[in-house]
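All remarks here apply to the structure that follows.
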Amino acid sequence: MKHFFIFWLVLTIPCFSQAQNTWFGNGAGQQGIEVTHFGEFTGQLSSSTSSYTSAYFGHETGRRHNTGFANTYFGSLVSSWGADGGYQNTFIGAFSASSTANNNANGVQNTFFGAVSGNNSRQNSLNTYLGIQTGISHNSTYTNNHNTIVGNQSNTSSVLAVNRMNNTWIGYDAGQGNGGSGNVFLGYNAGQGSTGSNQLFIENSSASTPLIYGNFASNAMGINTQQLTDGGTAYTLSINGKMRANEVKVYTGWADYVFEKDYRLRSLRQVKRYIQRHKHLPDVPSAREVKRKGIFVGETQATLLRKIEELTLYMLAAHNTTQQLKIEAKQLKEGVVQLQKRLAQLQTKSQ
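Quick look at the structure:
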């Protein structure tokens, strides 16, 4: 009885091998070479032997594939609609790389992990999608390569993205709607709705002003701002808000030239007239100008040092004048003493 049961079980389990293929499950496909179909309706509608050395696990996984090489699909309805499977891809999760048509046609070396990840992608290569609904709704007529997407619904978009490449999206809904290349979006909703390429967003909301924004093309970064230029001048670092630090080191020109022999020092009379007219020192910006344009810290420090050095020159000149006056006063005093002596002598003789 025991042997009869085993014999009956072997006959009734739908597991078959043909042309080095293995299929297991109700309605599992039989086409291809060295292909493994495991699950109900896996590869069921495949009608070609051009699919080989691939493995399909799960309900209706790879159901319509006619081509493909060295692919591994695991999960219900994974890559179930398109006829072309690409090669060396790994898709894990229900409906991953699946759509009504053109799913992963000719895609190469992609890894999609998560339900509905990479849905509607076509001819995409060297991408890594990790999370539920990551990278879905790409227009099926375009290609997107060398992208890394991590986080549920990260880069979920219907944008017409042509050849999006070298992007990294990490976080729920990160980079949603972006169709550019060379972007890095890090955080919950980071960069959502942004456009363009070569950008950095680090944020935990969809705010248009992220905590950290960067532009890789210009090697510039902003903290709490996307405004990286001012009056046509580009800055490497822009900060919207207060900043404090234990130490700031600035490399800039210094004012030692004030002590050169050919330096033209204004006279105090000229300085006095300038102050009376402009209400601030020469070469120093006015309060109104500082409020409107701001100041350059290094340049301002050098200007203030120049004024201190000029003041030192005025003091040295005043010191020299004082010393000369002291000498002259001493000489006058000595002359007065001599006159007093002679006057005393004359008075003595007259008596």
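The sequence shown begins at 19 in the working numbering and counts up by one. The beta-carbon is built from N, C-alpha and C at its ideal position, and this holds for glycine as well. On a predicted model such as this, the values are computed, not experimentally measured, just so you know.
Distance CB(Ser114)-CB(Ser135) smaller than 7 Å: As a position in the sequence shown, residue 114 is number 96, starting the count at 1. As a position in the sequence shown, residue 135 is number 117, starting the count at 1. Judged by beta-carbon spacing, Ser135 lies within the 7 Å limit of Ser114, meaning their Cβ atoms are closer than that value.
Boundaries (first-last residue) of the alpha helix (DSSP H) holding Leu256: The residue labelled residue 256 in the question sits at position 238 within the sequence shown. Per the sequence shown, residue 256 should be read as Ser rather than Leu. For Ser256, no alpha helix (DSSP H) encloses it; the enclosing beta strand (DSSP E) starts and ends at 255-257.
Residues sharing a beta bridge with Thr220, DSSP: By 1-based counting over the sequence shown, the position of residue 220 is 202. Looking at the sequence itself, residue 220 is Ile, so the reference to Thr does not match. Beta-bridge pairing links Ile220 to Leu204, Ile230.
Residues near Asn222 in its chain [Cβ-Cβ closer than 6 Å; skip 5 each side]: On the sequence shown, residue 222 is found 204 positions in, with the first residue counted as 1. The answer, listed in chain order, is Gly205, Tyr206.
Ser69 in three-state terms, based on DSSP: Here residue 69 refers to the residue found at position 51 when the sequence shown is read from its first residue. Correct three-state label for Ser69: strand.
Burial state of Arg182, where buried means 16 or more other Cβ atoms lie within 10 Å: Against the sequence shown, residue 182 aligns to sequence position 164. By the 10 Å Cβ count, Arg182 comes out buried.
The region 350-362 / the region 303-310 touching (three or more Cβ pairs under 8 Å): No, the region 350-362 is not in contact with the region 303-310.
Secondary structure of Phe75, DSSP reduced to three states: As a working note, residue 75 is residue 57 in the sequence shown. Of the three classes helix, strand and coil, the one that applies to Phe75 here is strand, per DSSP.
Extent of the continuous alpha helix (DSSP H) to which Met333 belongs: In the sequence shown, residue 333 corresponds to position 315, counting from 1. Met333 -> alpha helix (DSSP H) spans 315-368.
Member of Gln244, Arg262, Gly312 whose CA lies at the smallest distance from the CA of Ser256: As a position in the sequence shown, residue 256 is number 238, starting the count at 1. Among Gln244, Arg262, Gly312, the Cα nearest to that of Ser256 belongs to Gln244.
With 16 other Cβ atoms within 10 Å as the buried cut-off, status of Thr152: Taking the first residue of the sequence shown as 1, we reach residue 152 at position 134. Within 10 angstroms of the beta-carbon of Thr152 lie 16 or more other beta-carbons, which makes it buried.
Start and end residues, alpha helix (DSSP H) containing Tyr292: Start at 1 with the first residue of the sequence shown, and residue 292 comes out as number 274. Its alpha helix (DSSP H) spans residues 286-296.
CB contact flag (Asn162, Asn142, <7 Å): By one-based count along the sequence shown, residue 162 stands at place 144. By one-based count along the sequence shown, residue 142 stands at place 124. In contact: Asn162 and Asn142 (Cβ atoms closer than 7 Å).
Where Leu364 falls, given that 16 or more other Cβ within 10 Å makes a residue buried: If you number the sequence shown from 1, residue 364 lands on position 346. Flag for Leu364 reads exposed.
Beta-carbon proximity check, Phe130 vs Tyr147, cutoff 7 Å: Locating residue 130 in the sequence shown gives position 112, counting from the first residue. Locating residue 147 in the sequence shown gives position 129, counting from the first residue. Going by C-beta atoms, Phe130 is nearer than 7 Å to Tyr147.
Opening and closing residue of the alpha helix (DSSP H) in which Val308 lies: To locate residue 308, count along the sequence shown from 1; it is residue 290. For Val308, the enclosing alpha helix (DSSP H) covers residues 305-311.
Cβ contact (3+ pairs, closer than 8 Å) linking the region 320-331 and the region 261-281: Three or more beta-carbon pairs drawn from the region 320-331 and the region 261-281 are found closer than 8 Å, and the two stretches are therefore classed as touching.
Straight-line Cα distance separating Thr247 from Gly80: By one-based count along the sequence shown, residue 80 stands at place 62. By one-based count along the sequence shown, residue 247 stands at place 229. Distance between the alpha carbons of Gly80 and Thr247 is about 51 Å.
Proximity winner among Thr85, Tyr332, Leu218, relative to Tyr231 (alpha-carbon distances): Taking the sequence shown and counting its residues from 1, one reaches residue 231 at position 213. When only C-alpha atoms are compared, the closest one is Leu218.
Own chain residues within Cβ distance below 6 Å of Tyr269, not counting five before or after: Mapped onto the sequence shown, residue 269 falls at position 251. If we look at Tyr269 and ignore the five residues flanking it on each side, it has no Cβ neighbours.
Boundaries (first-last residue) of the beta strand (DSSP E) holding Thr85: Along the sequence shown, read from residue 1 onward, the residue named residue 85 stands at position 67. Residues 85-87.
Residue closest to Gln127, alpha-carbon to alpha-carbon, out of Gly43, Asn145, Gly271, Gly240: The sequence position of residue 127 within the sequence shown is 109, counting from 1. Nearest to Gln127 by C-alpha distance, out of Gly43, Asn145, Gly271, Gly240, is Asn145.
Cβ-based burial, Gly240 [other Cβ within 10 Å; buried from 16]: Residue numbering aside, residue 240 sits at position 222 when the sequence shown is read from its first letter. Burial call: buried.
Boundaries (first-last residue) of the beta strand (DSSP E) holding Ile167: On the sequence shown, residue 167 is found 149 positions in, with the first residue counted as 1. The continuous beta strand (DSSP E) containing Ile167 extends over residues 166-168.
Distance, Gly316 Cα to Leu322 Cα: As a first step, residue 322 is located in the sequence shown; it is residue number 304 there, counting from the start. As a first step, residue 316 is located in the sequence shown; it is residue number 298 there, counting from the start. Roughly 10 Å between the two C-alpha positions.
Minimum C-alpha distance to Asn165 - residue among Ser172, Asn184, Ile150, Gly149: For the purposes of this step, residue 165 is taken as the residue at position 147 of the sequence shown. Answer by Cα proximity: Asn184.
Residue burial classification, Gln49 (beta-carbon count within 10 angstroms, cutoff 16): Counting from one through the sequence shown, the residue named residue 49 turns up at place 31. Buried, because 16 or more other Cβ atoms sit within 10 Å of the Cβ of Gln49.
Under 7 Å between C-beta atoms of Gly45 and Gly57: In the sequence shown, residue 45 corresponds to position 27, counting from 1. In the sequence shown, residue 57 corresponds to position 39, counting from 1. It is not a contact, given that the beta carbons lie outside the stated cut-off.
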